[in-house]
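Position in the sequence shown (first residue = 1) + 10 = the numbering used here.
Ideal Cβ positions, reconstructed from N, Cα and C, are used throughout, including at glycine.
Note that this is a predicted model, so its numbers are computed, not measured.
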Amino acid sequence: MQQSSAGRSLNEAKFNNLCSHYKDSSEIHFATIKQRDTLFYLLLAILSLFIVHSAYTDFFNKVVSELFKKNTYTELNEKVDLISTFLWLFVFGVSAKYFQTAGIIEKQYGYLHALEEQLEKFYRNTVIFTREGKFYLNKYPVLSKWMWFLYTIAFPLMILMCICFKAYTEISVVKLAGATIYINMVFGILVFITTVIYMFSLHFKK
């Protein structure tokens, strides 16, 4: 009788610990998703400026130069090429952080699913504690696959196309010269490599 009582107490303690840890892990997970979404929208905005600058370089530089002069009473003149360098820098910085955060989320999903499997042992034949795992995947299979495609394939490919288009315009159309073009291409290569590594890490897991 005492052994049975001790066993129940041990199971209750294990269940309570798992619940508490699952709750904390879920809160961290949702906070990371919120951060990922913020970075996603910020990156979309920067890429939009990126494309506009590529397609309408002179117009974009003129607008930025006038705004800069209006607020600082200083003219950019020959330093106007720095605008493209700052855009490359922003794309690299935000995209690197975005991919890092997205990678963390993928790992968190795996960990939450493992926790849900442990908790499910206490509620067999139910959907309790399967919110992030089987319940969501079974309830919304098409939506979950579509969102996964957008985040892990479509969006990274869009980034690659944007930086390739930008690099092409700066080399062949605008024909930037001097150190500026080399600095820009270094950022471009870094973004390209980071994006490709991110995609391979998701789609070619061991």
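Check	Outcome
Between residue 110 and residue 166, what straight-line distance do the alpha-carbon atoms span, to the nearest angstrom?	13 Å
DSSP on residue 187, reduced to helix/strand/coil?	coil
Who are the near neighbours of residue 205 in its chain, counting only those whose CB is closer than 6 Å to its CB and skipping five residues on each side?	166, 169, 170
Which residue comes first and which comes last in the alpha helix (DSSP H) that contains residue 101?	92-130
With 16 as the cutoff for other CB atoms within 10 Å, does residue 208 come out buried or exposed?	buried
With a 10 Å radius around its C-beta and 16 neighbouring C-beta atoms as the bar for buried, classify residue 197 as buried or exposed.	buried
What residues in its chain sit with their C-beta under 8 Å from that of residue 11, if we drop five residues either side in the sequence?	In this predicted model, residue 11 has a pLDDT of only 49, less than 50, meaning its place in the structure is not dependable; the value taken from the coordinates is given anyway. Cβ neighbours of residue 11 beyond the five flanking positions: none.
Determine contact between the region 37-44 and the region 154-162, defined as no fewer than three beta-carbon pairs at a distance below 8 Å.	no
Taking only heavy atoms of the ligand HEM into account, decide whether any of them is closer than 7 Å to the Cβ of residue 108.	Absence of the ligand HEM from the depicted structure is noted, as is the absence of any ligand whatsoever, leaving it without description.
On the three-state DSSP scale, how would you describe residue 214?	coil
Checking 8 Å against the spacing of the C-beta atoms, do residue 57 and residue 101 come in under that value?	yes
Output needed for residue 62: all residues of its chain with C-beta closer than 7 Å, excluding positions within five of it in sequence on either side, in chain order.	70
If you draw a straight line from the alpha carbon of residue 82 to that of residue 74, how long is it in whole angstroms?	12 Å
Note down, one range per segment and in chain order, each alpha helix (DSSP H) of at least 4 residues found wholly within the region 148-175.	151-159
Using beta-carbon positions only, say whether residue 122 and residue 28 come within less than 8 Å of one another.	no
Determine the burial state of residue 104: buried for a count of at least 16 other Cβ atoms within 10 Å of its Cβ, exposed for fewer.	buried
Would you decide whether residue 93 is buried or exposed? Buried here means 16 or more other CB atoms lie within 10 Å of its CB.	buried
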